[in-house]
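Numbering-wise, the first sequence is residues 35 to 436 according to the working numbering. Structure first, commentary second.
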Amino acid sequence: MSGLDKIFDSVGSRSLFKNKRVLQSNYTPESIPHRDKQIEQIAGILAPSLLGEKTSNLFIYGVTGTGKTLSIQHVTNELMRRASENKILRVEYLNCKLKKVADTEYRILAELIKKLGGSVPATGLPTDHVYMKFLEILESGDEKLLILILDEVDQAVKKINDEFLYNLTRLNSELSNKQIIIIGISNDLRFLDSLDPRVRSSLSEEEMVFPPYNAVQLQDILKKRANESFKLGVVSEGVIAKCSAYAAREHGDARRALDLLRVAGELAERASSPKIKIEHIDNANDKIERDKILDIIETEPKQFQLVLYSILELIERAKKTKNSVFTGDIYNYYCDLCKQVKVETLTQRRVGDIIAEFDMLGLINATVISKGRYGRMREIKLVIPENILDRCRGILVEGLGL
DNA sequence: CGAGATTCATGTGAAGTATACCTTTAGGCTTAA
DNA sequence: AAGCCTAAAGGTATACTTCACATGAATCTCGTA
Numbered sequence: 035m036s037g038l039d040k041i042f043d044s045v046g047s048r049s050l051f052k053n054k055r056v057l058q059s060n061y062t063p064e065s066i067p068h069r070d071k072q073i074e075q076i077a078g079i080l081a082p083s084l085l086g087e088k089t090s091n092l093f094i095y096g097v098t099g100t101g102k103t104l105s106i107q108h109v110t111n112e113l114m115r116r117a118s119e120n121k122i123l124r125v126e127y128l129n130c131k132l133k134k135v136a137d138t139e140y141r142i143l144a145e146l147i148k149k150l151g152g153s154v155p156a157t158g159l160p161t162d163h164v165y166m167k168f169l170e171i172l173e174s175g176d177e178k179l180l181i182l183i184l185d186e187v188d189q190a191v192k193k194i195n196d197e198f199l200y201n202l203t204r205l206n207s208e209l210s211n212k213q214i215i216i217i218g219i220s221n222d223l224r225f226l227d228s229l230d231p232r233v234r235s236s237l238s239e240e241e242m243v244f245p246p247y248n249a250v251q252l253q254d255i256l257k258k259r260a261n262e263s264f265k266l267g268v269v270s271e272g273v274i275a276k277c278s279a280y281a282a283r284e285h286g287d288a289r290r291a292l293d294l295l296r297v298a299g300e301l302a303e304r305a306s307s308p309k310i311k312i313e314h315i316d317n318a319n320d321k322i323e324r325d326k327i328l329d330i331i332e333t334e335p336k337q338f339q340l341v342l343y344s345i346l347e348l349i350e351r352a353k354k355t356k357n358s359v360f361t362g363d364i365y366n367y368y369c370d371l372c373k374q375v376k377v378e379t380l381t382q383r384r385v386g387d388i389i390a391e392f393d394m395l396g397l398i399n400a401t402v403i404s405k406g407r408y409g410r411m412r413e414i415k416l417v418i419p420e421n422i423l424d425r426c427r428g429i430l431v432e433g434l435g436l
């Protein structure tokens, strides 16, 4: 038996997981603790849809990981189950945050059409044409109602404008025998205030707020899932408490807590530990943060990577001299870098926008400051933790062929 | 000395351009009657 | 004549550029005490 066989064979017996899926973020549990009230309320609002009646549009707030998406999905799943025979309902879920998938009006519509079974080219069509196509494909279906769930709408509106929401809410008047119910989900509590009053009133006919979980509730949730997910006796004393404490600090983000538990389990498994210990959670916390950032960096387009590399290098240098880094410095360094790699340089205008995007992504922190006589620029600070800087640089160097 | 003007380096908005892709339309070719 | 293919014409979204104006506090200027 080869050495590898041994490793492969031992996987089954060594695994700490009974059913890992339970801890993955796309898993929909049977019951959702501490959200009974909200679920009932949603169900109450959406119930008439079973009879094919148009219900109010619904708007839901709450910070990440408070069970918004889960609750909605739970209710709509039940609705679908009840409505499965008579085909009056259809539910579509769309996350508006996904870059390159749903970050423009055109792409959101294209994505919706795709989900409904049609197809549209990535570019070339006038937007109103795409609207027509959307209506067409909607009319062609059997279902009377479409429940459209737009997750993280605030992101979409920030990138586009609120007119497209208005267009969506107005589509109902163009549909002869179909109706659309829009459910908007947002993490940003102030989002509604920034909307045009017209859009606001039609989108948020009903509003709901999901409060964050407190540490006790988080523990409850984690316990339940841990029991389903891990084999008996695998979870050490205090692990659950620690996970929920971490997550409670992140304003009650349950998803974060579950991720933490799952990754901790994976780490423990990899380290051949028979139990998940508290130290695994600390490691998991680092790993999650790390993977998130590394993934963003890796998937960013080349020009963005060049800018980011410039930022990284300059901040590294500035650390020694205790100077700050500004837009101009970065642009100069970036230009040199482009020459070195033989890539076309973008204009400073564009690079400025790219820097702003990194700010949005949370990789850097860029604040506009005025240095009086010496101009006005963004002061740029890195948000990426020290301990993964080298790996970031590694990815960039490799990706750029430096 | 201090109020107001000046200045710098870039922020920021709007409009224009390049590219890649789409539909429509007209012409040319083939085919079947 | 009808059907099919192709190429040109006309159109769009997106990423980027160009142009022009906006910003805001350190510094300068100059009248005044």
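Cβ coordinates follow ideal geometry from the N, Cα and C atoms, glycine included.
(message) Can you look up Gly218 in the DSSP assignment and give me helix, strand or coil?
(response) Reading the first sequence from its first residue, position 184 is the one you call residue 218. Here Gly218 sits in strand by DSSP.
(request) Give a yes or no on contact between the segment 49 to 64 and the segment 205 to 225, applying the rule of three or more CB pairs nearer than 8 Å. (result) Contact between the segment 49 to 64 and the segment 205 to 225 is absent, because fewer than three Cβ pairs lie under 8 Å.
(request) Look up Asp185 in the DSSP assignment and give the residues it is bridged to. (result) What you label residue 185 is simply residue 151 of the first sequence in a count that begins at 1. Answer is Asn129, bridged to Asp185.
(message) According to DSSP, Arg410 sits in a beta bridge with which residue or residues?
(response) For the purposes of this step, residue 410 is taken as the residue at position 376 of the first sequence. DSSP lists Ser404 as partners of Arg410.
(request) Just tell me which of Val233, Lys148, Asn111 and Gly86 has its CA closest to the CA of Asp176. (result) In the first sequence, counting from the first residue as 1, residue 176 sits at position 142. In terms of CA proximity to Asp176, Gly86 leads the group Val233, Lys148, Asn111 and Gly86.
(message) To the nearest angstrom, how far is the alpha carbon of Arg407 from that of Glu413?
(response) Reading the first sequence from its first residue, position 373 is the one you call residue 407. Reading the first sequence from its first residue, position 379 is the one you call residue 413. Whole-angstrom Cα-Cα distance: 16 Å.
(request) Name the residue from Lys356, Ile403, Asn261 and Glu139 whose alpha carbon lies nearest to the alpha carbon of Glu197. (result) For the purposes of this step, residue 197 is taken as the residue at position 163 of the first sequence. Looking at the Cα atoms, Glu139 is the closest of the given residues.
(message) Suppose you measure from the CA of Lys193 to the CA of Leu434; what does that come to, to the nearest Å?
(response) Sequence index remark: in the first sequence, residue 193 carries index 159 (1-based). Sequence index remark: in the first sequence, residue 434 carries index 400 (1-based). Those two C-alpha atoms are separated by around 28 Å.
(message) Just to confirm my understanding: we take Tyr280, look at its own chain, exclude 5 residues before and 5 after, and list those with CB closer than 8 Å. What are they?
(response) For the purposes of this step, residue 280 is identified with residue 246 of the first sequence, where counting begins at 1. Beyond the five residues adjoining it in sequence on each side, Tyr280 comes within less than 8 Å, by CB distance, of Arg290, Ala291, Leu294, Ile315 and Asn319 in the same chain, given in chain order.
(message) Need the endpoints of the alpha helix (DSSP H) that Phe51 sits in, please.
(response) For this step, residue 51 is matched to residue 17 along the first sequence. Phe51 -> no alpha helix (DSSP H), and no H or E assigned at all.
(request) Please report the residue range of the alpha helix (DSSP H) in which Ile147 lies. (result) Mapped onto the first sequence, residue 147 falls at position 113. Run containing Ile147: Glu139 to Lys149, per the alpha helix (DSSP H) assignment.
(message) Between the alpha carbons of Lys24 and Asp162, how many angstroms are there, rounded?
(response) This structure leaves residue 24 out entirely; the chain is present only between 35 and 436.
(request) Output the residue ranges of the beta strand (DSSP E) runs that lie fully inside the segment 205 to 253 and measure 3 residues or longer, sorted by chain position. (result) Runs of the beta strand (DSSP E) lying entirely within the segment 205 to 253 and spanning at least 3 residues, in chain order: 213 to 220 and 240 to 243.
(message) Would Ile214 and Leu169 qualify as a contact pair, given that the criterion is a beta-carbon distance under 7 Å?
(response) Locating residue 214 in the first sequence gives position 180, where the first residue counts as 1. Locating residue 169 in the first sequence gives position 135, where the first residue counts as 1. For Ile214 and Leu169, no; Cβs fall outside 7 Å.
(request) Count the C-beta pairs between the segment 264 to 278 and the segment 228 to 236 that are closer than 8 Å, then say yes if the count reaches three, no if not. (result) Contact between the segment 264 to 278 and the segment 228 to 236 is absent, because fewer than three Cβ pairs lie under 8 Å.
(request) Please name the residue in Tyr61, Ser49, Thr355 and Ala77 whose C-alpha comes closest to that of Ser306. (result) On the first sequence, residue 306 is found 272 positions in, with the first residue counted as 1. It is Ser49.
(message) Helix, strand or coil, according to DSSP, for Ile415 in the structure here?
(response) Within the first sequence, residue 415 is the residue found at index 381, counting from 1. Here residue 415 is Lys; the residue named in the question, Ile, does not match the sequence. Correct three-state label for Lys415: strand.
(message) If contacts are defined as beta-carbon pairs under 8 Å, then Thr100 and Ala288 qualify, I think. What distance do you get, rounded to the angstrom?
(response) Numbered from its first residue, the first sequence carries residue 100 at position 66. Numbered from its first residue, the first sequence carries residue 288 at position 254. Going by Cβ atoms, the distance from Thr100 to Ala288 rounds to 7 Å, so yes, they are a contact pair.
(request) Kindly identify the DSSP beta-bridge partner or partners of Arg304. (result) For the purposes of this step, residue 304 is taken as residue 270 along the first sequence, with counting starting at 1. According to DSSP, Arg304 bridges with nothing at all.
(request) Return the Cβ separation of Glu240 and Leu92 in integer angstroms, given the expectation that the two are a contact with Cβ distance under 8 Å. (result) As a first step, residue 240 must be located in the first sequence, where it is residue number 206. As a first step, residue 92 must be located in the first sequence, where it is residue number 58. Cβ atoms of Glu240 and Leu92 come within 8 Å of each other, at about 5 Å.
(message) What does DSSP give as the partner residue(s) for Asn399 in the beta ladder?
(response) As a first step, residue 399 must be located in the first sequence, where it is residue number 365. Paired residues: Lys415.
(message) My output table needs one value for Asp164: the three-state DSSP class, helix, strand or coil.
(response) Your numbering for residue 164 matches position 130 in the first sequence. The sequence as given places Val at residue 164; Asp does not occur at that position. DSSP places Val164 in helix when its eight states are reduced to three.
(message) Quick check: what's the CA-CA separation for Thr203 versus Ala136?
(response) Mapped onto the first sequence, residue 203 falls at position 169. Mapped onto the first sequence, residue 136 falls at position 102. Their Cα atoms are separated by approximately 18 Å.
(message) Under DSSP, the alpha helix (DSSP H) around Ile106 begins and ends at which residues?
(response) Locating residue 106 in the first sequence gives position 72, where the first residue counts as 1. Start and end: Lys102 to Ala117.
(request) Please work out which residues of its chain come closer than 8 Å, Cβ to Cβ, to Phe225, disregarding the five sequence neighbours upstream and downstream, and give them in chain order. (result) Locating residue 225 in the first sequence gives position 191, counting from the first residue. Tyr95, Val187, Asp188 and Val191, listed in sequence order.
(request) Spell out the partners DSSP gives Val359 in its beta bridges. (result) One-based indexing of the first sequence puts residue 359 at position 325. Per DSSP, Ile414.
(request) State yes or no: is the C-beta of Lys311 within less than 7 Å of the C-beta of Ser278? (result) Residue numbering aside, residue 311 sits at position 277 when the first sequence is read from its first letter. Residue numbering aside, residue 278 sits at position 244 when the first sequence is read from its first letter. Result no, Cβ atoms of Lys311 and Ser278 do not sit closer than 7 Å.
(message) Can you list, in chain order, the residues of its chain with a C-beta nearer than 8 Å to that of Ile217? Leave out the 5 residues immediately preceding and following it.
(response) Taking the first residue of the first sequence as position 1, residue 217 is located at position 183. The answer, listed in chain order, is Asn91, Leu92, Phe93, Ile94, Ile106, Ile181, Leu182, Ile183 and Leu184.
(message) Given a cut-off of 7 Å on the beta-carbon distance, is the pair Leu346 and Val359 in contact?
(response) To locate residue 346, count along the first sequence from 1; it is residue 312. To locate residue 359, count along the first sequence from 1; it is residue 325. In this structure, Leu346 sits away from Val359, with a CB-CB distance that is not shorter than 7 Å.
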